[in-house]
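Under full-length UniProt numbering, the first residue of the sequence shown carries the number 1, and numbering increases by one thereafter. The structure under discussion appears below in the form of structure tokens.
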Amino acid sequence: MRLTRLLPARLRRRLRAAAPSRASHGPLPASSEFLHVIATRHGIGVFDEQWFAYRQLLLEHLTLASLDAQTRRDFVWYIAIDREMPPAARRRLDALAADRPWIHLAPTELKRDFVPDLVAWTREEARARGKGWALTTRLDDDDAVHRDLVGGLHERAAAYLTEGRAAPAVLAPTLGCNWVPSEAAGHRAYHHSPSIGLSLLEPAARALSVYRRNHSTLAQKLVPQGVSVRHLDGETMWWLYAHTGLSDQQREGSERMSKVADHPNAIAFDAESLAPFGITPEGLRLLRRTPEPEPHETLHLLNRRGLDVEQEIHDLREAVSRGGGGDAALREQIAKLHAERRRMHERLIR
Numbered sequence: 001m002r003l004t005r006l007l008p009a010r011l012r013r014r015l016r017a018a019a020p021s022r023a024s025h026g027p028l029p030a031s032s033e034f035l036h037v038i039a040t041r042h043g044i045g046v047f048d049e050q051w052f053a054y055r056q057l058l059l060e061h062l063t064l065a066s067l068d069a070q071t072r073r074d075f076v077w078y079i080a081i082d083r084e085m086p087p088a089a090r091r092r093l094d095a096l097a098a099d100r101p102w103i104h105l106a107p108t109e110l111k112r113d114f115v116p117d118l119v120a121w122t123r124e125e126a127r128a129r130g131k132g133w134a135l136t137t138r139l140d141d142d143d144a145v146h147r148d149l150v151g152g153l154h155e156r157a158a159a160y161l162t163e164g165r166a167a168p169a170v171l172a173p174t175l176g177c178n179w180v181p182s183e184a185a186g187h188r189a190y191h192h193s194p195s196i197g198l199s200l201l202e203p204a205a206r207a208l209s210v211y212r213r214n215h216s217t218l219a220q221k222l223v224p225q226g227v228s229v230r231h232l233d234g235e236t237m238w239w240l241y242a243h244t245g246l247s248d249q250q251r252e253g254s255e256r257m258s259k260v261a262d263h264p265n266a267i268a269f270d271a272e273s274l275a276p277f278g279i280t281p282e283g284l285r286l287l288r289r290t291p292e293p294e295p296h297e298t299l300h301l302l303n304r305r306g307l308d309v310e311q312e313i314h315d316l317r318e319a320v321s322r323g324g325g326g327d328a329a330l331r332e333q334i335a336k337l338h339a340e341r342r343r344m345h346e347r348l349i350r
């Protein structure tokens, strides 16, 4: 059964009625010294319509909802997508971006292209806007952030720059919550260098982005180079880390989700506790009532599947580039490898 048939019609109508007005999506006052780019990977290398149907449910009612709710909206949400993503998923994404000028959709060819594409775009955009610094922030496409996160990052970035420092700075919102959206339950969590909201402030002309290293080791790798680390402390839960069956961290037979929902210190999320993340009561109800799709096999480390094929494509691209682009045989090989890459990722859901 298609996932879209599982959504109650009355609930879909309520969600449309509860959507933020067009006027609320515009930019707020600009930061004077830095360009802020929140960067998200959305299904690069995935070609399964049903995977996207559920993933975009999470994207819209968690990630997008939390960014719509930000008290400061002086940022660009850079969403990297596969240039061959399924048409229905692309249409839905285009519709979400249509009245939000702060969303930038960035089609890319391969997973490995995400970071260099992001770096090149950030440097050029900062130059075009006359910004001397770039602030890049991590955000996955199924997670949510507190409505004050952007404001908190901007305050700390501005304070850092007033100190007259020339070195980059890592900004880490250390407190958040692990949760299972379908159960509306989870527990408070701490991470010194989280995958959500972790940010890197750098001179724009030399920016390499917060994705230059794994989130867990970013600060450890950069501190010896003179990089500063600033934590967003206090009691604010800055992020909601979603545990779902589609997560690429979910191993086959894993009890990861139940350990979160049934944690000894688990808390139940209601409309009041989720409001600071922009999550509406109807959005939460939809997430709880929509069954998670069943994968054919584990999606553990899906983000790393097919990297050997991508490497072959990359090497052939380089050969074509060196030859001036005229080698038809090499281009045919690339096309065959892309077809193989698609076959690996187009029937993920039962």
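Using N, Cα and C, we set each Cβ at its ideal position, and we do this for glycine too.
Could you name the residues of the same chain whose beta carbon sits closer than 6 Å to that of residue i, not counting the 5 residues immediately before and after it, in chain order?
{"i": "residue 354", "result": "Nothing about residue 354 can be reported from this structure: the residues present for the chain run from 1 to 350 only."}
{"i": "residue 263", "result": "187"}
{"i": "residue 313", "result": "334 and 337"}
{"i": "residue 37", "result": "76, 78, 122 and 136"}
{"i": "residue 351", "result": "Beyond the ends of the chain as shown, which are 1 and 350, falls residue 351; an answer cannot be given."}
Once DSSP output is grouped into helix, strand and coil, what is the label at residue i?
{"i": "residue 176", "result": "strand"}
{"i": "residue 29", "result": "Residue placement at residue 29 is poorly supported in this model, since its pLDDT is 42, which falls under 50; the coordinates still yield a value, given next. Coil."}
{"i": "residue 283", "result": "helix"}
{"i": "residue 347", "result": "coil"}
{"i": "residue 334", "result": "helix"}
{"i": "residue 52", "result": "helix"}
{"i": "residue 46", "result": "coil"}
{"i": "residue 165", "result": "coil"}
{"i": "residue 256", "result": "helix"}
{"i": "residue 36", "result": "strand"}
{"i": "residue 62", "result": "helix"}
{"i": "residue 361", "result": "Beyond the ends of the chain as shown, which are 1 and 350, falls residue 361; an answer cannot be given."}
{"i": "residue 302", "result": "helix"}
{"i": "residue 297", "result": "coil"}
{"i": "residue 57", "result": "helix"}
{"i": "residue 266", "result": "coil"}
{"i": "residue 67", "result": "helix"}
Terminal residues of the continuous beta strand (DSSP E) containing residue i?
{"i": "residue 202", "result": "199-203"}
{"i": "residue 240", "result": "239-242"}
{"i": "residue 82", "result": "76-82"}
{"i": "residue 271", "result": "Segment 271-274 is the alpha helix (DSSP H) holding residue 271; no beta strand (DSSP E) there."}
{"i": "residue 186", "result": "185-190"}
Got a sec, what are the start and stop residues for the alpha helix (DSSP H) residue i sits in?
{"i": "residue 314", "result": "307-322"}
{"i": "residue 105", "result": "Residue 105 -> not in any alpha helix (DSSP H); beta strand (DSSP E) instead, spanning 103-108."}
{"i": "residue 89", "result": "87-98"}
Which same chain residues end up closer than 8 Å to residue i when comparing Cβ atoms and leaving out the 5 residues on each side of it in sequence?
{"i": "residue 147", "result": "66, 69, 70, 71, 276, 277 and 278"}
{"i": "residue 21", "result": "Low per-residue confidence applies at residue 21: pLDDT is 41, beneath 50, and the placement is therefore not dependable enough to give any value."}
{"i": "residue 218", "result": "170, 193, 198, 200, 210 and 212"}
Sorted by chain position, which residues of the same chain lie with C-beta nearer than 7 Å to residue i's C-beta, five sequence neighbours on each side aside?
{"i": "residue 237", "result": "146, 175, 176, 177 and 188"}
{"i": "residue 418", "result": "Given that the chain is displayed from residue 1 to residue 350, the structure contains no residue 418 and the question cannot be resolved."}
{"i": "residue 268", "result": "184 and 185"}
{"i": "residue 288", "result": "182 and 184"}
{"i": "residue 344", "result": "305 and 306"}
Rounded to the nearest angstrom, how far is the Cβ of residue i from that of residue j, given a contact under 8 Å?
{"i": "residue 139", "j": "residue 196", "result": "6 Å"}
Problem set entry | Segments of 4+ residues assigned as alpha helix (DSSP H) that fall wholly inside the segment 113-156 | 114-129
Exercise. Could you give the uninterrupted runs of the alpha helix (DSSP H) lying entirely in the segment 207-232, keeping only those of 4 residues or more?
Worked result: 218-222
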